[in-house]
Amino acid sequence: MNEPIVFKRSVLIGQLALVQLLAPPLVAIGMLYGLSVLYGVTFDEDFRTLAVLVAILAPTVLRRPRVVSLEILPRTWSITASLILRWMALLAMLFAIGYVTKTSTEFSRRVILTWATLTPVPLIIVSIALNEYIRRFMHSPSNARKAVIAGYNDVSRELVERIRTNRELGIIVKGFFDDRSLKRLGVPEGKILLGGLTELAAYVNSNNVDVIFIALPMRQVRRVVDLLEELRDTTASIYFVPDIFVVDLIQSRTAEIDGVPIVAMCETPFQGTRGLIKRSMDIVISSIALILLSPFLLLVALLVKLSSPGPAIFRQRRYGLDGEVIDVLKFRTMTVTEDGAVVQQATREDERVTPIGRWLRRYSIDELPQLLNVLRGNMSLVGPRPHAVAHNEQYRRLIKGYMVRHKVPPGITGLAQVNGCRGETTLLEDMRRRVDYDLDYLRHWSPTLDLRILVQTVVKVLYDRKAY
459 MNEPIVFKRS VLIGQLALVQ LLAPPLVAIG MLYGLSVLYG VTFDEDFRTL
509 AVLVAILAPT VLRRPRVVSL EILPRTWSIT ASLILRWMAL LAMLFAIGYV
559 TKTSTEFSRR VILTWATLTP VPLIIVSIAL NEYIRRFMHS PSNARKAVIA
609 GYNDVSRELV ERIRTNRELG IIVKGFFDDR SLKRLGVPEG KILLGGLTEL
659 AAYVNSNNVD VIFIALPMRQ VRRVVDLLEE LRDTTASIYF VPDIFVVDLI
709 QSRTAEIDGV PIVAMCETPF QGTRGLIKRS MDIVISSIAL ILLSPFLLLV
759 ALLVKLSSPG PAIFRQRRYG LDGEVIDVLK FRTMTVTEDG AVVQQATRED
809 ERVTPIGRWL RRYSIDELPQ LLNVLRGNMS LVGPRPHAVA HNEQYRRLIK
859 GYMVRHKVPP GITGLAQVNG CRGETTLLED MRRRVDYDLD YLRHWSPTLD
909 LRILVQTVVK VLYDRKAY
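The working numbering puts the sequence shown at residues 459 to 926.
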């Protein structure tokens, strides 16, 4: 649960957040112990060790990832889907540990299989129940804080609209203060203007206002400083809402450099621990996939080589992280290997596509050599699909924000691909839709999102008809 910064009774909210953090491991360990008793199996040292591992891993793996959103509490369907995926990830970690330590055979298979299968049910029930309890608690009027807005403009109106549609934030907006007249402001019916900025401090003190949002334009720095001085005699919490947020931000966050506050407006989501998690997932999953698929990949390479003249593996220059040119590996599916200033996209019934190549493209098998790109580190399993350099140079001039997608490593699959954006882009709008999904991926990345995209990719490969 993401605790809002302007919530009354924040200590109790923190306690509830702790309960949410501890509930999943307690439920999982309780199920493990209960099933061992049910099946008459001794809860010995091996089971106790497993319980300790669950206690260590579950608070991190089963915890709902933070998202850049005003939605503090997830919906029921989101809880269910997310918990199932994260439970599968936890099981994979535990089985990997058991395999490496050669202790997996020490457990009762009946207990472990039942535990792995049934535990998500109480996990989901407990999570939904806690979520609903906290939702009702946050919606209680007694927990809401009264707020006023200094400045009537696009930013403040957007802020108020989001606050009013997200009751979980625990804020009641009483109205606006602005020095301009009603006529000049063009205040529509139903909007409340409480007075001028010089009246703000008196109103706050006499009406027990808890929160003040200052939403004045950044060019009015002097007025903001004066207003802060006037508000020093109040006990209200004060927040500045800069008008830079009227633009589209990627991974926005606040920070400081030796005490100097800064605001990130466009940044990669893969910094610090998040970057380590992303890279670790890439290495583990791609390594396992290459080991399991190696006989199949050798067979495909042989078929490509025998079916038509040319190399089995085709290298094409594409843009990677930060716009650097990388060589992307693919099984050759055409009679040509275009990689120049002009690259013609494949079309339906394209005569350049070989018979074996048509089958490889249909099921995206031609992309599998890119697992080697992932291991080398110039690609990821999930991310914006890399385009040929010629296509990049074409679209970066036509689509605003196109190059922002290169703030992360390109992927074998991505959010755009599982949402139907595969195949030929005959219209500019087709590519613009792809880019919109790519930027949305940057805004909302989480390990759970990557796992969901990988699962959806398998389903799409089997049933999608857009690849040719």
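No residue lacks a Cβ here, since even glycine has one placed at the ideal position from N, Cα and C.
- Per DSSP, Tyr497 is not a residue of any beta strand (DSSP E), being assigned neither H nor E.
- Per DSSP, the beta-bridge partners of Gln774 are Val786.
- Take Leu818, set aside five residues on each side of it, and the residues of its chain with a beta-carbon closer than 6 Å to its own are Phe789, Thr791 and Asp824, in chain order.
- Among the bridge pairs identified by DSSP, Ser540 is matched with none.
- Excluding the 5 residues flanking it on each side, Ile592 has same chain C-beta neighbours closer than 6 Å at Leu474, in chain order.
- Within the segment 867–905, the complete beta strand (DSSP E) segments at least 3 residues long are 869–871, listed from N- to C-terminus.
- Around the CB of Lys858, fewer than 16 other CB atoms lie within 10 Å, so the residue is classed as exposed.
- Take Ala659, set aside five residues on each side of it, and the residues of its chain with a beta-carbon closer than 8 Å to its own are Glu688, Leu689, Asp691 and Thr692, in chain order.
- If you ignore the 5 residues before and after Leu829, its C-beta comes within less than 6 Å of the C-beta of Ser744, Ala747 and Leu748, all in its own chain and listed in chain order.
- In this chain, the alpha helix (DSSP H) harbouring Leu685 covers Val679 to Glu688.
- Arg603 sits in a strand when the DSSP states are folded into three classes.
- Leu651 is bridged by DSSP to Phe634.
- For Ser614, the enclosing alpha helix (DSSP H) has its first and last residue at Asp612 to Thr623.
- In its chain, beyond the 5 residues on either side, Ile607, Tyr610 and Leu651 have a beta carbon closer than 6 Å to the beta carbon of Phe634.
- With distances taken between CA atoms, Leu907 lies nearest to Ala547 out of Val495, Leu480 and Ala547.
- For Tyr697, the enclosing beta strand (DSSP E) covers residues Ser695 to Phe698.
- Separation of Gly878 and Glu564 (C-alpha to C-alpha, rounded to the nearest whole angstrom) is 45 Å.
- Apart from sequence neighbours up to five positions away, the residues of its chain that approach Glu725 with a beta-carbon distance below 6 Å are Gln709, ordered along the chain.
- Excluding its 5 nearest sequence neighbours in each direction, Leu617 has C-beta neighbours in its own chain below 8 Å: Ile607, Phe671, Ala673 and Val699, listed in chain order.
- Taking the C-beta atoms as reference points, Ala486 is found nearer than 7 Å to Thr577.
- Scanning Glu503, Ala770, Leu515 and Leu920 for the CA closest to the CA of Val876 turns up Leu920.
- For the pair Gly872 and Pro842, the CB atoms are nearer than the 7 Å cut-off.
- For Val832, the enclosing alpha helix (DSSP H) covers residues Gln828 to Arg834.
- Judged by beta-carbon spacing, Met837 lies beyond the 7 Å limit of Pro813, meaning their Cβ atoms are not closer than that value.
- Contact annotation: Arg568 and Tyr497 have beta-carbon atoms nearer than 7 Å.
- Taking the Cβ atoms as the reference, Ala770 lies roughly 4 Å from Val762, within the contact range of under 8 Å.
- In this structure, the alpha-carbon of Thr712 lies about 49 Å from that of Val758.
- Scanning Val786, Gly768 and Pro767 for the CA closest to the CA of Arg776 turns up Val786.
- Residues of the same chain with a CB within less than 8 Å of the CB of Met489, apart from the 5 flanking positions on each side, are Trp573, Leu576, Thr577 and Pro580 in chain order.
- Within 10 angstroms of the beta-carbon of Asp896 lie 16 or more other beta-carbons, which makes it buried.
- With 16 or more other Cβ atoms inside 10 Å of its own Cβ, Met889 counts as buried.
- Sorting Lys641, Gly644 and Ala694 by C-alpha distance to the C-alpha of Asn665 places Ala694 at the top.
- With fewer than 16 other Cβ atoms inside 10 Å of its own Cβ, Leu885 counts as exposed.
- Ranked by Cα distance from Val683, the first of Glu590, Arg863 and Leu655 is Leu655.
- Between the beta-carbon of Thr561 and that of Asp504 there is about 6 Å, and that keeps the pair under the 8 Å contact cut.
- The residue from Leu839, Gly653 and Ala602 with its alpha-carbon nearest to that of Ile630 is Ala602.
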